[in-house]
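Asks: Take the sequence shown: its position 24, counted from the start at 1, is 932 in our numbering, and no numbers get skipped. Don't be surprised by glycine CBs; every beta carbon is placed ideally from N, CA and C. My questions will all concern the structure given below.
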Amino acid sequence: MPPMRRKGDLPEKICAQCGRPFAWRKKWERVWDEVRYCSDRCRAAAKAARGRGAAGR
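See below:
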């Protein structure tokens with residue numbers, strides 16, 4: 909078993925919706941390059957914002 913990594917040693921990204929940093933999670937291991945949002949709430953808010961923007965045109 910590989911040694912445990914400290915939270916500070918994990919890669920981080922900035923959330924595309926809220927702008928806060930978030931760290932790598934085991935469940936994102938295979939799709940880390942595709943992850944853009946820190947939570948389901950931010951993902952849903954971004955989707956809603958895209959929908960409102962397109963409807964106003």
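If you draw a straight line from the alpha carbon of Gly927 to that of Cys946, how long is it in whole angstroms?
Replies: Working through the sequence shown from its first residue, we reach residue 927 at position 19. Working through the sequence shown from its first residue, we reach residue 946 at position 38. One C-alpha to the other measures close to 9 Å.
Asks: Near Phe930, what residues of its chain come up, given a Cβ to Cβ distance below 7 Å and the 5 sequence neighbours on each side ignored?
Replies: Counted from its first residue, the sequence shown places residue 930 at position 22. Excluding sequence neighbours, Phe930 sits near Glu920, Lys921, Cys923, Cys946.
Asks: By Cβ distance, which residues of its chain are closer than 7 Å to Arg951, with the 5 residues on each side in sequence left out?
Replies: Here residue 951 corresponds to residue number 43 of the sequence shown, with the count starting at 1. Once the five neighbours on either side are set aside, the close Cβ partners of Arg951 are Tyr945.
Asks: Nearest by alpha-carbon distance to Gln925: which of Met909, Arg938, Ala953 is it?
Replies: As a position in the sequence shown, residue 925 is number 17, starting the count at 1. Answer by Cα proximity: Ala953.
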